[in-house]
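Remarks on the structure that follows.
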Amino acid sequence: MASADTTPVLELTGIGKEFGAIRALHDVDMHVRPGEVVGLMGDNGAGKSTLVKIIAGNFRPSHGEIRFGGNAVHFNRPIDARAVGIEVVYQDLALADNLTAAANVFLGRELKRKFGPIALLDHKAMASRALDLFGELRSETRPDDLVKQMSGGQRQAVAIARTRLSNAKLVMMDEPTAAISVRQVEQVLSLIHRLKEQGVAVMLISHRMPDVFAVCDRVIVMRRGEKRADKPIHETSPEEVTALITGAKEAA
Amino acid sequence: MAMPLESPVTFSNVGKTKWWRRGIFASQTGYVLAALLVLMLVMHFASPYFFTEGNMQNVAKNFSFIAIATLGITFVIITGGIDLSVGSMMCFSAMITSMVMVELSAPGSAFVHLAADGKTVVANVPGLILVISVLAGLCAALIVGLVNGFCIAVLGLSPFVTTLGMLSIVRGLAYVVSNGRGSFPGGPDADYFYALTSGDVFGVPAPFIYLMILAAVMAIVLHHTSFGRHVFALGGNEKAAELTGIPVVRVKIEVYVICALATGLQGIIISGWLGSAPANMATSYELNVIAAAVIGGANLAGGLGGPLGAIVGCVLLEVIRNGLVLAQVNSYWQQTLVGVIIILAVLVDRIRSRMT
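Protein chains in written order, with numbering that gives the first Met the number 0: chain A, 0 to 251; chain B, 0 to 355.
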């Protein structure tokens, strides 16, 4: 577990967001340390996805400050967030089914070899790097197989391998276990452990209580656009978190 | 960042796909290619004229007349788009080429002067008029392609509606500039023009040679450049392409421009073969071109297609046409049969993907 004195990789202070008359987020403070797995929980409309989209650069916050690795940052587009080391694994994984696993991992960042003025794809280098990444994630995935033919767990591995290309410091995973089988959930949770082992901070956005309690070090509960709880996982219980999510308990 | 592995990955649960279930063997292009070879064999036994040199030259020439445009539209179809304006574009760009050629060859222009005996003589380099007029024709196609791409990628209009409108706009423009009369390539460079469009080199028709070169270039672009990768990604999952930072707008505009240029070139070649660019030239060719692409395995939903498929589709259509003529079948059956083949080709692929 990360010690308390390391600088947080991500630090939010007083983040708020309004969409017209609707207040989606209000005064959210939070931080994530390297190698820490933080669960972000809340009911639909609690502000989870707005918060994730602000961190990922899809939205600009109306108020507050984002600090990444100690420096204040302003993201205008998702690419800006990616440039500093924030990667997002989207709920639908953002994979192109008709391409191979390796092609998907390197999508938009293809490795090329120069032949005079022409740059051609370096298929071999991409395949072997992708195989290394799948190995790190302990996933039985062949770089040359089409994503179309893969299981949910393998797809998840491809989406996560993509975040490992750029040495991301923070990986946000949006509902990675929502639509896959029990065995594949195990695989995904072990993928999260691999990321943690390598010092990557992970934010897990999930509805599934058992998954959050299985991998997270800390849980943050959102309700009605505000942060209601931020507790180490061993100081809380699924019952308490459920109460916080539904509003049976106001704050902890 | 790579960690030393305690053990390399083992593939105990994940088998390797058998070679005959991968790549071309598992694609519609593969099936249609096999069907084509069988058909040609049948034709050989059905008619002694089929494999004669003259007939083969004819077939090669005829399918080359739509195949270059089919290569172009395949790019668009792979991204999940469609271009219905190809027929009109062929006509427009052929017409501009031929009009510019006639205009530049008129006595008094900077490119020719009158000799004493009243004949026109080339004032500059021979062939310069040809180059300029072909570039003008391609430029016209380029502009149409840019407008298509802009409306679809930037304004977000549907490709079907945009290019349906463009079909009408461009055909209308062709009538306007020619006053409905059509145009005939002429002047001192006309001989070069005909040699380059409908001539042949050692018995191989010139359009066929262009087709082979362009198909090879296309294969490299699609499978070995990041542009090609992005074209496939766009057709597979446009949202994913956007999220991974692919310049979606630029790639979309580029595919419509490529399609327009291929189509323009095709139109110019056809006008060389016809000896003129009439205002109703290539009417409804868009349907032949799309049919050939789809038969060859391009998927209208996007994400699949390639130069081999485009060519195989064109050859199949032409062999059927040629075969029906040789077999002395009423030529009105042709269109019906083409329709049947389109549906059959897609049906076989659907059945196959259901089975695996």
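Backbone N, C-alpha and C fix where the C-beta goes; we use that ideal spot for every residue, glycine too.
CA-CA distance, residue i and residue j?
i	j	result
Leu-156(B)	Met-202(A)	38 angstroms
Ala-326(B)	Glu-317(B)	14 angstroms
Pro-231(A)	Val-248(B)	45 angstroms
Lys-147(A)	Asn-236(B)	12 angstroms
Lys-60(B)	Phe-207(B)	6 angstroms
Ile-78(A)	Ile-159(A)	17 angstroms
Glu-86(A)	Met-171(A)	6 angstroms
Leu-336(B)	Ala-276(B)	29 angstroms
Asp-96(A)	Leu-145(A)	7 angstroms
Phe-74(A)	Leu-94(A)	24 angstroms
Ala-291(B)	Thr-69(B)	7 angstroms
Ser-61(A)	Thr-243(B)	26 angstroms
Ser-189(A)	Val-83(A)	26 angstroms
Leu-299(B)	Ile-76(B)	6 angstroms
Pro-9(A)	Asp-26(A)	Pro is not the amino acid found at residue 9(A); the sequence shown has Leu there. Approximately 16 angstroms, taken between the alpha carbons.
Gln-197(A)	Met-125(A)	22 angstroms
Leu-136(A)	Ala-25(B)	30 angstroms
Gly-79(B)	Gly-41(A)	37 angstroms
Leu-221(B)	Arg-228(B)	6 angstroms
Met-211(B)	Met-217(B)	10 angstroms
Ala-140(B)	Met-89(B)	8 angstroms
Arg-223(A)	Glu-249(A)	11 angstroms
Val-169(B)	Ala-214(B)	27 angstroms
Tyr-209(B)	Val-256(B)	19 angstroms
Phe-18(A)	Gln-186(A)	38 angstroms
For residue i, which residues in chain A fall below 8 angstroms Cβ to Cβ?
i	result
Gly-244(B)	Pro-77, Ile-78, Arg-81, Gly-107, Arg-108
Arg-228(B)	Leu-98, Ala-102, Leu-106, Glu-109, Leu-120
Measure how close the beta-carbons of residue i and residue j come, nearest whole angstrom, since I'm counting them as under 8 angstroms.
i	j	result
Ile-219(A)	Asp-173(A)	With 8 angstroms as the limit, Ile-219(A) and Asp-173(A) do not qualify as a contact, their Cβ atoms being about 15 angstroms apart.
Thr-269(B)	Ala-281(B)	Per the sequence presented here, residue 269(B) reads as Ile, with Thr not at that position. Confirmed, about 6 angstroms.
Leu-50(A)	Leu-24(A)	6 angstroms
Gly-185(B)	Val-101(B)	5 angstroms
Val-288(B)	Ile-72(B)	5 angstroms
Val-88(A)	Asp-216(A)	Going by Cβ atoms, the distance from Val-88(A) to Asp-216(A) rounds to 19 angstroms, so no, they are not a contact pair.
Val-31(B)	Leu-315(B)	6 angstroms
Leu-106(A)	Ile-340(B)	The pair is not a contact, with the Cβ atoms about 35 angstroms apart (cut-off 8 angstroms).
Gly-164(B)	Ala-278(B)	Going by Cβ atoms, the distance from Gly-164(B) to Ala-278(B) rounds to 19 angstroms, so no, they are not a contact pair.
Ala-45(B)	Thr-96(B)	Their Cβ separation, rounded to whole angstroms, is 40 angstroms, which puts Ala-45(B) and Thr-96(B) out of contact at 8 angstroms.
Ala-242(A)	Val-157(A)	Contact flag wrong, Cβ pair sits at about 37 angstroms.
List the residues of chain B that residue i touches, going by C-beta distances under 9 angstroms, in chain order.
i	result
Lys-111(A)	Thr-224, Ser-225
Which residues in chain A sit within 7 angstroms of residue i, going by Cβ to Cβ distance?
i	result
Lys-238(B)	Ala-93
Below 7 angstroms on C-beta distance, what does residue i contact in chain B?
i	result
Leu-119(A)	His-223, Thr-224
What do you get for residue i, buried or exposed, if any count of 16 or more other CB atoms within 10 angstroms of its CB means buried?
i	result
Phe-74(B)	buried
Gln-334(B)	exposed
Glu-35(A)	buried
His-233(A)	exposed
Thr-5(A)	exposed
Pro-209(A)	exposed
Arg-141(A)	buried
Phe-50(B)	exposed
His-244(A)	Checking the sequence, you will find Ile at residue 244(A) rather than His. Per the 10 Å Cβ criterion, buried.
Phe-201(B)	exposed
Please list the partners that residue i has in chain B, where partner means a Cβ-to-Cβ separation under 8 angstroms.
i	result
Asp-96(A)	Gly-235, Asn-236, Gly-302
Look at the Cβ atom of residue i, then the Cβ atom of residue j, and state whether they are nearer than 9 angstroms.
i	j	result
Arg-159(B)	Leu-83(B)	The question names Arg, but residue 159(B) is Phe in the sequence shown. Yes, the Cβ-Cβ distance between Phe-159(B) and Leu-83(B) is below 9 angstroms.
Met-42(B)	Asn-321(B)	yes
Leu-98(A)	Phe-231(B)	yes
Gln-153(A)	Ser-138(A)	yes
Leu-137(B)	Ser-87(B)	no
Asp-188(B)	Leu-127(B)	yes
Lys-111(A)	Ala-118(A)	yes
Ala-66(B)	Ile-310(B)	yes
Ala-228(A)	Arg-207(A)	no
Tyr-191(B)	Gly-274(B)	no
Gly-296(B)	Thr-28(B)	yes
Ala-259(B)	Leu-103(B)	no
Gly-148(B)	Ile-252(B)	yes
Gly-134(A)	Gln-183(A)	no
Ala-71(A)	Gly-56(A)	no
Gly-63(A)	Met-221(A)	no
Ile-14(A)	Ile-65(A)	yes
Ser-167(B)	Met-98(B)	no
Can you pull the chain A neighbours of residue i, defined as C-beta to C-beta under 9 angstroms?
i	result
Ala-414(B)	Because chain B is modelled from 0 through 355, residue 414(B) falls outside the range shown and cannot be assessed.
Of all Cβ atoms in chain D, is any one closer than 9 angstroms to the Cβ of residue i?
i	result
Ile-219(B)	No chain D is present in this structure, whose protein chains are A and B.
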